[in-house]
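Asker: I'd like to ask some things about the structure below.
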Amino acid sequence: MLTKLTSCYKIFRNKNICKKLKLRLKNIIIDQTLTYASETWILTKRDRKQINIIERKVYRRILGPVYDNKKENWKILANKEIYAMVKKPTITETIRLNRLRWFGHEQRMEENRIPKKYYIYGKIK
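In my numbering, the protein residues as written are 23 to 147.
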């Protein structure tokens, strides 16, 4: 996974590629990598924090510094500003939604299915 991220950083630094394309690449490559099989994860508070940090680092790399006309200097975007610009839920929110979707799917399963048995009893009998 880290090799994918480091190779993407080179793309995200490239000034010849527009931000819109970089954001699409981030959604396709990084989001898919970070959320693979996330339906079954048990995330601790620390895990959620680390995932959000990675996501914000990528967004800051893509969006870059912004010129502030009031102070007449460049500034790095704050977390709220990043999410306001991107208009997309965080990766941890996406993971939470994936887990809820899996839970609903699991609840509709027949009782004899292995995932359902594991959910009910905590182990397969």
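Here a beta-carbon is modelled for each residue, glycine too, at the ideal position from N, C-alpha and C.
1. So what does DSSP say about Asn95, is it helix, strand or coil?
2. Which whole-angstrom value describes the C-beta separation of Lys44 and Ile33, a residue pair presumed to lie in contact below a C-beta threshold of 8 Å?
3. Assuming Asp90 contacts Lys79 (C-beta within less than 8 Å), just tell me the rounded distance between them.
4. Please list the segments of the alpha helix (DSSP H) lying wholly inside the region 47-90, counting only runs of 4 or more residues, in order along the chain.
5. Between Ile39, Ile136, Thr66, Gly126, which lies nearest to Thr114 when the distance is taken from Cα to Cα?
Answerer: Quick look at the numbers:
1. Three-state DSSP puts Asn95 in a strand.
2. About 7 Å separates the beta carbon of Lys44 from that of Ile33, a gap short enough to meet the 8 Å contact definition.
3. Approximately 21 Å separates the beta-carbon atoms of Asp90 and Lys79; this is outside 8 Å, ruling out the contact.
4. Counting whole runs of 4 or more residues, the region 47-90 contains the alpha helix (DSSP H) stretches 53-56, 67-85.
5. The residue with the shortest Cα to Cα distance from Thr114 is Thr66.
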